[in-house]
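Residue numbers (full-length UniProt numbering): 1 to 174. In this text, a Cβ means the ideal position worked out from N, Cα and C, and glycines have one as well. All values derive from a computational prediction rather than experimental measurement. In what follows, a single structure is set out as structure tokens and then discussed.
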């Protein structure tokens, strides 16, 4: 149900964790790539990295400190049991859901309060999804004040393409 938003979040979150790794003086980036090289870190590795109090959970305050608070933006979506913490099962479930769905359709299902199959600025603002909120006018290609599934698909495809180019460029520089 929340798959689209989670996909977006998980991609951003994975990239943020890798970037954060460089901020911990002396530690290499290898550790956050996951146990098999270039893959995303596992849920356990993510929790290991962000869990400051050692309880095996990510609290909202711990999430707020992770790379500018991007994890905190979608905290309530990941905290599926609403206990105020994100555990490994919730991260794993989010990851599994993300692999199975398309972004735009699921994002609309999650955020669309009036069930008209499109998102207005109020619905997006209430969702706490800053990426969509901050890019609303850019995503709204026909400037009708609503985001449709097609407009969101174009936006996500564009974001994915830009990230891919950025990674290629970065890898070529190394």
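Cβ-Cβ separation, residue j to residue i (assumed contact under 8 Å), whole Å
i	j	result
residue 152	residue 107	6 Å
residue 51	residue 58	6 Å
residue 88	residue 43	4 Å
residue 141	residue 154	7 Å
residue 139	residue 147	5 Å
residue 156	residue 104	6 Å
Residue i versus residue j: straight-line alpha-carbon distance, rounded
i	j	result
residue 69	residue 63	6 Å
residue 171	residue 115	43 Å
residue 24	residue 145	Confidence at residue 24 is low in this model, with a pLDDT of 43, below 50, so the placement of that residue is unreliable and no value is reported for it.
residue 34	residue 143	For residue 34, the pLDDT reaches just 47, beneath the cut-off of 50, and the residue's location in the model is therefore unreliable, although a value from the coordinates is still provided. Going from the Cα of residue 34 to the Cα of residue 143 covers about 42 Å.
residue 54	residue 60	14 Å
residue 109	residue 77	13 Å
residue 75	residue 168	30 Å
residue 113	residue 94	21 Å
residue 149	residue 159	15 Å
residue 84	residue 65	16 Å
residue 56	residue 82	16 Å
residue 121	residue 173	39 Å
residue 164	residue 117	29 Å
Residues that residue i bridges to, as DSSP identifies them
i	result
residue 76	None; residue 76 has no bridge partner.
residue 120	146
residue 59	85
Cβ neighbours of residue i in the same chain (closer than 7 Å, five flanking residues each side left out)
i	result
residue 36	The pLDDT assigned to residue 36 is 47, lower than 50, so where the model puts this residue is not dependable, and the model offers no usable value.
Proximal residues to residue i (C-beta, below 6 Å), its chain only, five neighbours per side dropped
i	result
residue 111	119, 123, 127
residue 125	133
residue 86	58, 78, 79
beta-carbon residue i near the ligand COA non-hydrogen atom, thresh 7 Å
i	result
residue 69	With respect to the ligand COA, the structure shown offers nothing to examine, as it has no ligands at all.
Contacts around residue i, its chain only, beta-carbon distance under 8 Å, and the 5 residues preceding and following it disregarded
i	result
residue 166	none
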